[in-house]
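Inspection log for the structure reproduced underneath, given as structure tokens.
2 protein chains.
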Amino acid sequence: MSELQRRPTLMDVAEAAGVSRALVSIVMRGAPGAAESTRQRVLDAARQLGYRADSRARLLRSSRTKLLGLTFSSSQPFHAEIVDAAYAEASARGYEIALSAVASGRPEARAIETLLDVGAEALIIIAPTLNVEDLALHARQVPVVSLLRDNVGDLVDSVSSDDYAGIAIAVDHLVGLGHSRIFHVDGGTAVSSDRRRETYRTEMIRRGLQPVVVPGGPGEEDGMGAGQILQADLPTAVIAFNDRSALGIMESFRAAGISIPADVSVLGYDDSHFAKLSYVQLSSISQDAPLLAAAAVGRAVDRIEGAKSPGSVVRTPHLVLRKTTARAPAAT
Amino acid sequence: MSELQRRPTLMDVAEAAGVSRALVSIVMRGAPGAAESTRQRVLDAARQLGYRADSRARLLRSSRTKLLGLTFSSSQPFHAEIVDAAYAEASARGYEIALSAVASGRPEARAIETLLDVGAEALIIIAPTLNVEDLALHARQVPVVSLLRDNVGDLVDSVSSDDYAGIAIAVDHLVGLGHSRIFHVDGGTAVSSDRRRETYRTEMIRRGLQPVVVPGGPGEEDGMGAGQILQADLPTAVIAFNDRSALGIMESFRAAGISIPADVSVLGYDDSHFAKLSYVQLSSISQDAPLLAAAAVGRAVDRIEGAKSPGSVVRTPHLVLRKTTARAPAAT
DNA sequence: GTAGTCTTCTAGATCGTTCTAGTCGCACCA
DNA sequence: TGGTGCGACTAGAACGATCTAGAAGACTAC
Chain G
0 MSELQRRPTL MDVAEAAGVS RALVSIVMRG APGAAESTRQ RVLDAARQLG
50 YRADSRARLL RSSRTKLLGL TFSSSQPFHA EIVDAAYAEA SARGYEIALS
100 AVASGRPEAR AIETLLDVGA EALIIIAPTL NVEDLALHAR QVPVVSLLRD
150 NVGDLVDSVS SDDYAGIAIA VDHLVGLGHS RIFHVDGGTA VSSDRRRETY
200 RTEMIRRGLQ PVVVPGGPGE EDGMGAGQIL QADLPTAVIA FNDRSALGIM
250 ESFRAAGISI PADVSVLGYD DSHFAKLSYV QLSSISQDAP LLAAAAVGRA
300 VDRIEGAKSP GSVVRTPHLV LRKTTARAPA AT
Chain P
0 MSELQRRPTL MDVAEAAGVS RALVSIVMRG APGAAESTRQ RVLDAARQLG
50 YRADSRARLL RSSRTKLLGL TFSSSQPFHA EIVDAAYAEA SARGYEIALS
100 AVASGRPEAR AIETLLDVGA EALIIIAPTL NVEDLALHAR QVPVVSLLRD
150 NVGDLVDSVS SDDYAGIAIA VDHLVGLGHS RIFHVDGGTA VSSDRRRETY
200 RTEMIRRGLQ PVVVPGGPGE EDGMGAGQIL QADLPTAVIA FNDRSALGIM
250 ESFRAAGISI PADVSVLGYD DSHFAKLSYV QLSSISQDAP LLAAAAVGRA
300 VDRIEGAKSP GSVVRTPHLV LRKTTARAPA AT
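In order, the protein sequences belong to chains G and P.
For the first sequence, numbering that gives the first Met the number 0 assigns the number 0 to the initial residue and increments by one for each residue that follows.
For the second sequence, numbering that gives the first Met the number 0 assigns the number 0 to the initial residue and increments by one for each residue that follows.
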């Protein structure tokens, strides 16, 4: 019964309002150059017909698409937070966001191509896995902003969180609480795991303390495994690669009757949803996703509008104190 | 130094290869009607220039866009799973996916409009919050598939999981283990909370058992709160609205020294990531996101290609047995 | 009264594709 | 010899918007 009806075009509205296509275009864009009376007449006609501009045609013709391409990984909760914040910041600055997911069977390169095909004026790539050359290749076409990764060559912008500072804050905090046996459970092959591990080592050594790194990974199970290993030679404090790992560590301690923070302090990284749960109350290093996202969007827009050369923004993370870190137990 | 270079068009390739635009188009699309020798020549030229078709122009001209619009909520991990699976199924059926997120400050209506503007041939909306009239309005333009919600009027397709069956399976399972004091912690205002709650009631009554519903919600904190309430009058089994709620419930029990499943069995819903963790091992009702996603994509494609009238697909969930449900303790 | 300026409007080109309707050779067959 | 069919290719019109250039009319200025 209800056959699919062709969507109305500028032409349809023009006929209905008795004006030219061009004038309708002017009115719809809110551009100056139309009398108030005709403006109303056109708007009425458009409303009546349910007219909406076809973005394909619009984007094709106009040099400016006002589109920011954003890739994210569907399996990373942290990325979802960024997507959310990016939308807000983009629309505040008058841009739209074109999303493209990196999923299983859909590599980053594919996600990026899709965004370019669709006319994105800049690319924001969360934790890019592409090598510097490939990134540079794209950067010759449009401004590219790397989010959460900073060694990306000098053709692409980067917005990242200062892992050095983050780990330093973590070590400082624990040392300040009187800890000296502070171990680190690393993130295995995860992005920025290497840097955090090395920073942990140097920060410990700088304070005359003995660094001990236990191999881990980005998930709860990884933390769980590391927790088992830690129990053989228990430190007084643990810095986990991230919150999920910290959760696994704590779980393994709990099972072994080791109490937190009385026996051992645990510090997470990311200040994620999990850390905030009332029954977790994990002290954590916050990278502040919304701020990072806003900075990335800002950087992309600046590059599009203001030219200039690429640069890198580094935000300093901060400690969110909760209940899993406390003074070191009296030495045994 | 490296000025942003205009991306090559069909025309550029045509000139380089010494043929017409139309022929290049034919070759690039892999359409028949070009000699093998020229085909190679054109492909070489295209590769040399780094040519990629501009999807805006392509979509504008061709009646078929082969685009499936998919809305999802950036804050729902369950949606991420679906996105992942949808990509796979769509590309298997020769379609692309256009993503649009529902985020804070970006309502569903906005997300849908974006998808239509971009030329999506069908809409897949995960857990739509729009009312039946608004959905029908869109359904007059393109096929609309509602995922995870089924009372959507007779103009739109729906693919959902059978909540009746899911809860029936849950009750069956627990009754089979000898439980009779089975309580339900509901999902508050969350989608499908009402249905699960009512089904729980009727299923209990059908078996001559007394239903007890404790108000909850979709998050861990909600479960935590419900857990406190439950402790005042402890059942032998609890059916949670979802896994996250179950986690909160279990956490509250653990704090009170109530052991699972010895004292009380807990059953989750969704079979999410959390349920699978080695230290959680939550028995749960699985809705099988990948299968739902595949069904939704399939339905959308069928509607686009084969016409026919809208219909609804209902998938039966199944029980995933782990360690949080066990025989009822001997009656006191 | 003519030129200049402003406002309001329009015709037509244009963006980069795809599609329609050819043209051009050339072999085949009666 | 002269249609006919076929394969390879092309010119030009779409698609639905934006943009440029300029026209028409009203109003001011000298």
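Positions of the beta carbon are idealized from the N, C-alpha and C atoms, including for glycine.
Using only the alpha-carbon positions, how far apart do residue i and residue j sit?
i                          : j                        : result
alanine 34 (chain G)       : methionine 27 (chain G)  : 13 Å
aspartate 53 (chain P)     : glutamate 95 (chain P)   : 15 Å
leucine 320 (chain P)      : serine 72 (chain P)      : 29 Å
proline 142 (chain G)      : alanine 121 (chain G)    : 5 Å
valine 174 (chain G)       : alanine 255 (chain P)    : 33 Å
arginine 180 (chain G)     : glutamate 202 (chain G)  : 13 Å
serine 332 (chain G)       : aspartate 156 (chain P)  : Any answer about residue 332 (chain G) is impossible in this case: the structure gives chain G only from 0 up to 331.
alanine 45 (chain G)       : aspartate 270 (chain P)  : 48 Å
alanine 135 (chain G)      : glycine 216 (chain G)    : 30 Å
serine 1 (chain G)         : proline 309 (chain P)    : Residue placement at serine 1 (chain G) cannot be trusted, given a pLDDT of 40 that sits under 50; the coordinates are not used to answer.
isoleucine 259 (chain P)   : methionine 249 (chain P) : 8 Å
phenylalanine 77 (chain P) : isoleucine 125 (chain P) : 10 Å
alanine 177 (chain G)      : leucine 67 (chain G)     : The question names alanine, but residue 177 (chain G) in the sequence shown is glycine. The straight-line gap from Cα to Cα measures roughly 47 Å.
arginine 196 (chain P)     : aspartate 185 (chain P)  : 6 Å
glycine 165 (chain P)      : alanine 292 (chain P)    : 18 Å
arginine 341 (chain P)     : glycine 152 (chain G)    : Nothing about residue 341 (chain P) can be read from this structure; chain P reaches only from 0 to 331.
alanine 189 (chain G)      : alanine 274 (chain G)    : 20 Å
isoleucine 123 (chain G)   : histidine 183 (chain P)  : 44 Å
glutamine 39 (chain P)     : proline 31 (chain P)     : 14 Å
isoleucine 238 (chain G)   : glutamine 75 (chain G)   : 21 Å
threonine 315 (chain G)    : alanine 108 (chain P)    : 37 Å
alanine 276 (chain P)      : leucine 146 (chain G)    : In the sequence on display, residue 276 (chain P) carries leucine and not alanine. Approximately 29 Å, taken between the alpha carbons.
arginine 55 (chain P)      : alanine 56 (chain G)     : 7 Å
asparagine 150 (chain G)   : tyrosine 268 (chain G)   : 21 Å
asparagine 130 (chain P)   : alanine 295 (chain P)    : 19 Å
With 16 as the cutoff for other CB atoms within 10 Å, does residue i come out buried or exposed?
i                        : result
glutamate 132 (chain P)  : exposed
isoleucine 111 (chain G) : buried
glutamate 304 (chain P)  : exposed
arginine 298 (chain P)   : buried
asparagine 241 (chain P) : buried
isoleucine 204 (chain G) : exposed
aspartate 221 (chain P)  : buried
arginine 326 (chain P)   : exposed
threonine 323 (chain P)  : buried
arginine 119 (chain G)   : One detail in the question is off: residue 119 (chain G) reads as alanine in this sequence, not arginine. Label assigned to alanine 119 (chain G): buried.
alanine 100 (chain P)    : buried
serine 36 (chain G)      : exposed
threonine 113 (chain P)  : buried
For residue i, which beta-bridge partners are listed by DSSP?
i                           : result
threonine 37 (chain G)      : Paired residues: none, contrary to the question.
serine 311 (chain P)        : P:Ser157
phenylalanine 182 (chain P) : P:Val211 and P:Val237
serine 145 (chain G)        : G:Ile124 and G:Ser157
alanine 13 (chain G)        : Paired residue(s): none; alanine 13 (chain G) is not in a bridge.
histidine 317 (chain G)     : G:Ser285
glycine 226 (chain G)       : Glycine 226 (chain G) pairs with nothing; no bridge assigned.
serine 191 (chain P)        : Per DSSP, none; premise fails for serine 191 (chain P).
proline 265 (chain G)       : Before going on, a small fix: residue 265 (chain G) reads as valine here, not proline. Valine 265 (chain G) is bridged to G:Val237.
serine 99 (chain P)         : P:Thr70
arginine 105 (chain G)      : G:Ala102
Any heavy atom of the ligand HEM within a distance shorter than 7 Å of the CB on residue i?
i                    : result
alanine 84 (chain G) : Judged by which ligands are present, the structure shown has none, so any question about the ligand HEM falls away.
Margin query: Which residues of the segment 208-233 of chain P have a Cβ closer than 8 Å to any Cβ of chain G? Give them in chain order.
Written below: So the list reads Glu219, Glu220 and Met223, given in the order they occur along the chain.
Counting only Cβ-Cβ distances shorter than 8 Å, please list the residues of the segment 118-136 of chain P near chain G, keeping chain order. Those residues of the segment 118-136 of chain P that come within reach of chain G (Cβ to Cβ, closer than 8 Å) are Gly118.
Measuring CB atoms only, is the segment 90-110 of chain P touching the segment 84-94 of chain G, in the sense that at least three cross pairs come out at less than 8 Å?
Because the criterion of three Cβ pairs below 8 Å is met, the segment 90-110 of chain P and the segment 84-94 of chain G touch.
Note to self: Please list, in chain order, the residues of the segment 7-37 of chain G that have any C-beta partner in chain P closer than 8 Å.
What the structure shows: Those would be none; no residue qualifies.
Open item on the list: When you compare the segment 257-264 of chain G with the segment 231-241 of chain G, are there three or more beta-carbon pairs, one atom per stretch, that lie closer than 8 Å?
Closed with: Taking one beta carbon from each stretch, the segment 257-264 of chain G and the segment 231-241 of chain G have 3 or more pairs nearer than 8 Å; the two touch.
- Could you tell me whether the segment 43-58 of chain G touches the segment 3-13 of chain G, using the rule of 3 or more Cβ pairs below 8 Å? Cβ pair count under 8 Å is three or more, so yes.
Note to self: Using a Cβ distance threshold of 8 Å, determine whether the segment 8-22 of chain P contacts the segment 310-324 of chain G, with at least three qualifying pairs required.
What the structure shows: The answer is no - the segment 310-324 of chain G does not touch the segment 8-22 of chain P, with fewer than three Cβ pairs under 8 Å.
Would you call the segment 136-152 of chain P in contact with the segment 208-216 of chain P, where contact means no fewer than 3 C-beta pairs closer than 8 Å?
Touching, no, given that fewer than three Cβ pairs across the two stretches are closer than 8 Å.
Next on the checklist: So if I threshold CB-CB distances at 7 Å, which residues from the segment 276-306 of chain G count as touching chain P?
Outcome noted: Residues Leu276, Ser277 and Tyr278.
- Message: At a CB distance below 7 Å, what residues from the segment 260-274 of chain G approach chain P? Give them in sequence order.
- Response: For the segment 260-274 of chain G, the set of positions with a beta-carbon nearer than 7 Å to some beta-carbon of chain P is empty.
field: the segment 66-83 of chain G / the segment 270-290 of chain G touching (three or more Cβ pairs under 8 Å)
entry: Because the criterion of three Cβ pairs below 8 Å is met, the segment 66-83 of chain G and the segment 270-290 of chain G touch.
- Below 9 Å between beta carbons is the criterion; list the residues of the segment 93-109 of chain G that meet it against any residue of chain P, in chain order. Of all residues in the segment 93-109 of chain G, Glu95, Ile96, Ala97, Leu98, Ser99, Ala100, Ala102, Ser103, Gly104 and Arg105 have a Cβ within less than 9 Å of some Cβ in chain P.
Between the segment 43-60 of chain G and chain P, which residues of the former have a C-beta closer than 8 Å to a C-beta of the latter?
Listed by position along the chain: Arg51, Ala52, Asp53, Ser54, Arg55, Ala56, Leu58 and Leu59.
Which residues of the segment 77-91 of chain P have a Cβ closer than 7 Å to any Cβ of chain G? Give them in chain order.
Taking 7 Å as the Cβ-Cβ cut-off against chain G, the residues of the segment 77-91 of chain P that qualify are Ala79, Val82, Asp83, Tyr86 and Ala87.
Please identify, using Cβ separations under 8 Å, the residues of the segment 241-255 of chain G that lie next to chain P, in order along the chain. Cβ contacts with chain P come from Gly247, Glu250, Ser251 and Ala254.
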